[in-house]
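Visitor: Below is the structure I would like to discuss, written out as structure tokens.
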Amino acid sequence: MLELVAAFICLTTLLTFVNFRFIGLPPTIGVMVTALMFSLLLQGLSFLGYPGLEERVQQLIGQIDFGDLLMNWMLSFLLFAGALHVNLNDLRSYRWPIGLLATFGVLIATAVIGSLAYYIFALFGWHVSFLYCLLFGALISPTDPIAVLGVLRTANASKPLKTTIVGESLFNDGTAVVVFTVLLGIAQQGETPTLGATALLFAHEAIGGVLFGGLIGYLAYLMIKSIEQHQIEVMLTLALVIGGSAMATELHVSAPIAMVVAGLIIGNLGRNLAMNDMTRKYLDGFWELLDDMLNALLFALIGLELLLLPFNWLHVAAASLLALAILLSRLLTVAPAIVLLRRWRTVPRGTIRILTWGGLRGGVSVALALALPLGPERDLLLSITYIVVLSSILLQGLSIGRLVRHATRDEPAPAAGTAHH
Numbered sequence: 001m002l003e004l005v006a007a008f009i010c011l012t013t014l015l016t017f018v019n020f021r022f023i024g025l026p027p028t029i030g031v032m033v034t035a036l037m038f039s040l041l042l043q044g045l046s047f048l049g050y051p052g053l054e055e056r057v058q059q060l061i062g063q064i065d066f067g068d069l070l071m072n073w074m075l076s077f078l079l080f081a082g083a084l085h086v087n088l089n090d091l092r093s094y095r096w097p098i099g100l101l102a103t104f105g106v107l108i109a110t111a112v113i114g115s116l117a118y119y120i121f122a123l124f125g126w127h128v129s130f131l132y133c134l135l136f137g138a139l140i141s142p143t144d145p146i147a148v149l150g151v152l153r154t155a156n157a158s159k160p161l162k163t164t165i166v167g168e169s170l171f172n173d174g175t176a177v178v179v180f181t182v183l184l185g186i187a188q189q190g191e192t193p194t195l196g197a198t199a200l201l202f203a204h205e206a207i208g209g210v211l212f213g214g215l216i217g218y219l220a221y222l223m224i225k226s227i228e229q230h231q232i233e234v235m236l237t238l239a240l241v242i243g244g245s246a247m248a249t250e251l252h253v254s255a256p257i258a259m260v261v262a263g264l265i266i267g268n269l270g271r272n273l274a275m276n277d278m279t280r281k282y283l284d285g286f287w288e289l290l291d292d293m294l295n296a297l298l299f300a301l302i303g304l305e306l307l308l309l310p311f312n313w314l315h316v317a318a319a320s321l322l323a324l325a326i327l328l329s330r331l332l333t334v335a336p337a338i339v340l341l342r343r344w345r346t347v348p349r350g351t352i353r354i355l356t357w358g359g360l361r362g363g364v365s366v367a368l369a370l371a372l373p374l375g376p377e378r379d380l381l382l383s384i385t386y387i388v389v390l391s392s393i394l395l396q397g398l399s400i401g402r403l404v405r406h407a408t409r410d411e412p413a414p415a416a417g418t419a420h421h
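Numbering (UniProt numbering) for the sequence shown: 1 to 421.
Dropping the structure here:
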């Protein structure tokens, strides 16, 4: 296993170097594109007479439990790192659109995408039960915080827009995972639980995640406040994420939601009241480096997964239709929330367009698809999910920066005293 980890890290580093030196795409997208090219090169070499090469790499990649690796570990690290830099006051200011999009938005998207998927699959002659279509809706509905954060760093988005997009993408993962877990439980048990039992499970996972994240985040804050030693303080944040994720899994509460809450506490209370300048510098440097490395590993893994998937052109056609259905559901969830918000505060122009197009899908969706029980439905949904994620990151990810610049080009400059911090 150690050899596999070493080989994968070396390969990812090489792909990162190739992108930076020769291609110049945004880091996360560039690594995925180079990994994709590497996958296609291996398939080409196999076709030209090196039959053992592709099988050997497939065998190695097959040993990685992508679902467990992402959902239980990488996602916790990445969400904590993302939440560290989110201002709690900003988040509170935009709590209504964020709250609506991260809860009701996910539920509406699950229902709309699931219903449209049922008819699209039937159109191609695939008989997928409505429950599995809803599972597909749940796994593809969350916007990916990792992809979104990576792209927003390079796009000059306004503060309200950036806060709304980042806040939503940090929290809707947890909601989607909970919805997916409930639906998967129904599929595996073969019977529909009562509304009360479903609501209880949802509350246990989601509210339990918030309370647990708040508790461990506040304990870590108190420990950091009691010392002045930057190495130990940074180690405490690392232990918080590793230990907190493991404990959340044992307690059956949402680890992603817990890590977002803990990250917000350390990034706000901890940064402002418990750390000196030296600690802040080391903490930011450590988590930014870890964030960039894990991003590169995640997107390289997504690119290499192509080697493992059953694939044909019908999948591409169906995925193209479903990508349109996903954009439609995104518009249906974003527009009401923003129209409602306009009654109380000024919303930057182009917000609905940017939020709709900026709802990138990523590794979370692939990981949830891999968690589906083995069978023909899993193979089909995994292939479709992968193609949708790939097109979302490549098409939307590479053009969202241009859309943000275009939508905000004619915006009046902020008045004195309201400059963005």
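In this text, a Cβ means the ideal position worked out from N, Cα and C, and glycines have one as well.
Say whether the stretch 384-391 touches the stretch 296-314, bearing in mind that this needs 3 or more beta-carbon pairs closer than 8 Å, one atom from each stretch.
Guide: Result yes; three or more Cβ-Cβ pairs closer than 8 Å.
Visitor: Please name the residue, chosen from Phe286, Gly62, Val316 and Gly214, that lies closest to Ser254 on a Cα-to-Cα basis.
Guide: Reading the sequence shown from its first residue, position 254 is the one you call residue 254. If we check each option's Cα against that of Ser254, Gly214 comes out closest.
Visitor: So which of Ser93, Phe121, Leu390 and Leu116 has the shortest CA-CA distance to Leu306?
Guide: Locating residue 306 in the sequence shown gives position 306, where the first residue counts as 1. Minimum Cα distance to Leu306 is reached at Leu390.
Visitor: Would you mind giving the Cβ-Cβ distance between residue 510 and Thr110, rounded to the nearest angstrom? I have them listed as a contact below 8 Å.
Guide: With the chain covering only 1 through 421, there is no way to say anything about residue 510.
Visitor: Can you give me the C-alpha to C-alpha distance between Pro348 and Ser93, rounded to a whole angstrom?
Guide: Within the sequence shown, the letter at position 348 stands for residue 348. Within the sequence shown, the letter at position 93 stands for residue 93. Approximately 14 Å between the Cα atoms of the pair.
Visitor: One question on the structure: do Leu88 and Leu264 come within less than 8 Å of each other, judged by their Cβ atoms?
Guide: Counting from 1 along the sequence shown, the entry for residue 88 is found at position 88. Counting from 1 along the sequence shown, the entry for residue 264 is found at position 264. Yes, the Cβ-Cβ distance between Leu88 and Leu264 is below 8 Å.
Visitor: Curious, which full-length alpha helix (DSSP H) runs of at least 4 residues does the stretch 69-104 contain?
Guide: Correct list: 75-83, 88-93 and 95-102.
Visitor: What residue does the alpha helix (DSSP H) around Thr181 start on, and which one ends it?
Guide: Taking the first residue of the sequence shown as position 1, residue 181 is located at position 181. Lys159 to Gln189 is the extent of the alpha helix (DSSP H) around Thr181.
Visitor: Is it the case that the Cβ atoms of Thr12 and Ala367 are separated by a distance below 8 Å?
Guide: In the sequence shown, counting from the first residue as 1, residue 12 sits at position 12. In the sequence shown, counting from the first residue as 1, residue 367 sits at position 367. Their beta carbons are not under 8 Å apart, which means Thr12 does not touch Ala367 by this criterion.
Visitor: So what's Pro336 in DSSP terms, helix, strand or just coil?
Guide: Stepping through the sequence shown from its first residue, residue 336 is reached at position 336. Note: Pro336 maps to helix in three-state DSSP.
Visitor: What did DSSP end up calling Asp291 once you bin it into helix, strand or coil?
Guide: The sequence position of residue 291 within the sequence shown is 291, counting from 1. Looking at Asp291 - three-state DSSP - the assignment turns out to be helix.
Visitor: Is there contact between the stretch 353-360 and the stretch 399-409, where contact requires at least three CB pairs shorter than 8 Å?
Guide: Cβ pair count under 8 Å is three or more, so yes.
Visitor: Quick one: Cα of Thr16 to Cα of Gln396, how far?
Guide: In the sequence shown, residue 16 corresponds to position 16, counting from 1. In the sequence shown, residue 396 corresponds to position 396, counting from 1. Rounded to the nearest angstrom, the two C-alpha atoms are 21 Å apart.
Visitor: Give the DSSP-derived three-state secondary structure of Asp144 in the structure shown.
Guide: Position 144 of the sequence shown, counting from 1, holds the residue named residue 144. Coil, per DSSP.
Visitor: Specify the secondary structure class of Ile393 as computed by DSSP and reduced to three states.
Guide: Locating residue 393 in the sequence shown gives position 393, counting from the first residue. Helix, per DSSP.
Visitor: Please name the residue, chosen from Leu14, Gly375 and Asp379, that lies closest to Met32 on a Cα-to-Cα basis.
Guide: On the sequence shown, residue 32 is found 32 positions in, with the first residue counted as 1. Nearest C-alpha to Met32: Leu14.
Visitor: Please list, in chain order, all residues of the same chain as Asn276 whose beta carbon is under 7 Å from its beta carbon, the five residues on each side excluded.
Guide: What you label residue 276 is simply residue 276 of the sequence shown in a count that begins at 1. Answer for Asn276: Glu228, listed in chain order.
Visitor: Report buried or exposed for Glu233, applying the criterion of at least 16 other Cβ atoms within 10 angstroms of its Cβ.
Guide: Sequence index remark: in the sequence shown, residue 233 carries index 233 (1-based). By the 10 Å Cβ count, Glu233 comes out buried.
Visitor: Counting along the chain, where does the alpha helix (DSSP H) carrying Glu3 start and finish?
Guide: Here residue 3 refers to the residue found at position 3 when the sequence shown is read from its first residue. Glu3 -> alpha helix (DSSP H) spans Leu2 to Val18.
Visitor: Under the three-state reduction of DSSP, which class applies to His127: helix, strand or coil?
Guide: Within the sequence shown, residue 127 is the residue found at index 127, counting from 1. Residue state, collapsed to three classes: coil.
Visitor: Taking the C-alpha atoms as reference points, what is the distance between Gly267 and Gly82?
Guide: Start at 1 with the first residue of the sequence shown, and residue 267 comes out as number 267. Start at 1 with the first residue of the sequence shown, and residue 82 comes out as number 82. Answer to the nearest angstrom: the Cα atoms are 10 Å apart.
Visitor: Is Trp96 closer than 8 Å to Leu331 when the C-beta atoms are compared?
Guide: The residue labelled residue 331 in the question sits at position 331 within the sequence shown. The residue labelled residue 96 in the question sits at position 96 within the sequence shown. Result no, Cβ atoms of Leu331 and Trp96 do not sit closer than 8 Å.
Visitor: How would you write the range of the alpha helix (DSSP H) that Phe202 sits in, first residue to last?
Guide: By 1-based counting over the sequence shown, the position of residue 202 is 202. Element bounds for Phe202: Leu195 to Lys225.
Visitor: Output the distance between the C-alpha atoms of residue 430 and Gly174, rounded to the nearest integer angstrom.
Guide: Residue coverage of the chain in this structure runs from 1 to 421, which leaves residue 430 outside it and unanswerable.
Visitor: My guess is that residue 425 and Phe77 are in contact by the Cβ rule of under 8 Å, so how many angstroms apart are they, rounded?
Guide: What is shown of the chain runs 1 to 421, which leaves residue 425 out entirely.
Visitor: Which residues mark the beginning and the end of the alpha helix (DSSP H) in which Gln231 is found?
Guide: For this step, residue 231 is matched to residue 231 along the sequence shown. Start and end: His230 to Leu251.
Visitor: Can you list, in chain order, the residues of its chain with a C-beta nearer than 7 Å to that of Leu161? Leave out the 5 residues immediately preceding and following it.
Guide: By 1-based counting over the sequence shown, the position of residue 161 is 161. Hits under 7 Å: Pro348, Thr351 and Ile354.
Visitor: For Tyr50, which three-state DSSP category applies?
Guide: Locating residue 50 in the sequence shown gives position 50, counting from the first residue. DSSP places Tyr50 in coil when its eight states are reduced to three.
Visitor: Report yes if the CB atom of Ala206 is closer than 8 Å to the CB atom of Val178, and no otherwise.
Guide: Within the sequence shown, numbered from 1, the residue matching residue 206 stands at position 206. Within the sequence shown, numbered from 1, the residue matching residue 178 stands at position 178. For Ala206 and Val178, yes; Cβs fall inside 8 Å.
Visitor: My output table needs one value for Val347: the three-state DSSP class, helix, strand or coil.
Guide: Mapped onto the sequence shown, residue 347 falls at position 347. Residue state, collapsed to three classes: coil.
Visitor: If you draw a straight line from the C-alpha of Ile113 to the C-alpha of Leu69, how long is it?
Guide: For the purposes of this step, residue 113 is taken as residue 113 along the sequence shown, with counting starting at 1. For the purposes of this step, residue 69 is taken as residue 69 along the sequence shown, with counting starting at 1. In a straight line, the C-alpha of Ile113 is about 27 Å away from that of Leu69.
Visitor: Between which two residues does the alpha helix (DSSP H) containing Ile257 stretch?
Guide: Within the sequence shown, numbered from 1, the residue matching residue 257 stands at position 257. Ile257 -> alpha helix (DSSP H) spans Ala255 to Ile265.
Visitor: Starting from the C-beta of residue 431, find all residues in its chain whose C-beta is less than 8 Å away, skip the five residues before and the five after it, and write them out in chain order.
Guide: The question about residue 431 has no answer here: the residues shown for the chain are numbered 1 through 421.
Visitor: Assuming Ile98 and Thr164 make a contact with CB atoms under 8 Å, what is their CB distance in whole Å?
Guide: Residue 98 sits at position 98 when you count from the first residue of the sequence shown. Residue 164 sits at position 164 when you count from the first residue of the sequence shown. Correct: roughly 6 Å between the Cβ atoms.
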